[in-house]
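Q: Numbering follows the numbering used here, with no gaps: position 54 of the sequence shown is 663. Note that the Cβ used here is the ideal one computed from N, Cα and C, for glycine as well.
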Amino acid sequence: MLMKVFDFEAIKKLIARKDFSMVYDSMNGVQGPYARRVFIDELGAPESVLMNAVPKEDFGGKDTPSHGHADPNLTYAVELVQKMGTNKTGEKVGSGEGVPEFGAAADGDADRNMILGKQWFVSPSDSLA
Numbered sequence: 610m611l612m613k614v615f616d617f618e619a620i621k622k623l624i625a626r627k628d629f630s631m632v633y634d635s636m637n638g639v640q641g642p643y644a645r646r647v648f649i650d651e652l653g654a655p656e657s658v659l660m661n662a663v664p665k666e667d668f669g670g671k672d673t674p675s676h677g678h679a680d681p682n683l684t685y686a687v688e689l690v691q692k693m694g695t696n697k698t699g700e701k702v703g704s705g706e707g708v709p710e711f712g713a714a715a716d717g718d719a720d721r722n723m724i725l726g727k728q729w730f731v732s733p734s735d736s737l738a
């Protein structure tokens, strides 16, 4: 169904561009294998775009940066927020060198998401990702 709704060829071309980089944080939720199938297998992205793509019953547990909360927001998506060059209030941190152009995360069951640009917090969302 995704291939009918989205232009996968255009997305493949974007992902293949030298001036584009991205990261997707599954937050150890159930969508990790789906993210792998879509981003890696279908769109040809490198494995390095995926973060926390292995589902875990406790979303990684209390000793992880997210403290076991698979909530895609500036507070709990700590690893993604840092990788995107922002802090927990969405402010720019550092020079931006090596920061991906696009970042996203989804909660445990992938019905909420968060989108970030390079050193720029775009949106948390309680709508269908």
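Please classify ASP680: does DSSP put it in a helix, a strand, or coil?
A: In the structure shown, ASP680 sits in coil (DSSP, three-state: anything other than H, G, I, E or B).
Q: My parser needs the beta strand (DSSP E) runs of 3 or more residues fully inside the segment 628-701; what are they?
A: The qualifying runs are 631-634.
Q: Could you tell me whether the Cβ atoms of VAL690 and LYS697 are closer together than 9 Å?
A: Yes, the pair counts as a contact, with Cβ atoms nearer than the cut-off.
Q: Kindly indicate which three-state DSSP category ALA715 falls into: helix, strand or coil?
A: If DSSP states are grouped into helix, strand and coil, ALA715 belongs with the strands.
Q: Which word fits GLY638, buried or exposed, when buried means at least 16 other C-beta atoms lie within 10 angstroms of its C-beta?
A: The residue in question, GLY638, is buried, as its Cβ has 16 or more Cβ neighbours within 10 Å.
Q: Which residues bound the beta strand (DSSP E) around MET723?
A: Element bounds for MET723: 722-726.
Q: Buried or exposed for PRO674, going by 16 or more other Cβ atoms inside 10 Å?
A: That one is exposed.
Q: Quick check: the Cα distance between ILE620 and TRP729, rounded to an integer number of angstroms?
A: Taking the straight line from one Cα to the other gives about 21 Å.
Q: Measuring alpha carbon to alpha carbon, tell me which of GLU710, PRO681, TYR685, ALA662 ends up nearest ASP672.
A: Among GLU710, PRO681, TYR685, ALA662, the Cα nearest to that of ASP672 is on TYR685.
Q: For PHE617, which beta-bridge partners are listed by DSSP?
A: DSSP, once it has assigned bridges, lists no residue as partnering PHE617.
Q: By how many angstroms is the C-alpha of GLY707 removed from the C-alpha of ALA654?
A: Going by the C-alpha atoms only, they are around 17 Å apart.
Q: Quick one: what's got a C-beta closer than 6 Å to ASN661's C-beta in the same chain, skipping five residues either side?
A: Answer for ASN661: ASP634, SER635, MET636, ASN637, listed in chain order.
Q: Quick check on ALA738: does DSSP put it in helix, strand or coil?
A: Caution is warranted here: a pLDDT of 45 is assigned to ALA738, below 50, making its placement in the model unreliable, and the coordinate value is therefore given only provisionally. Three-state result, ALA738: coil.
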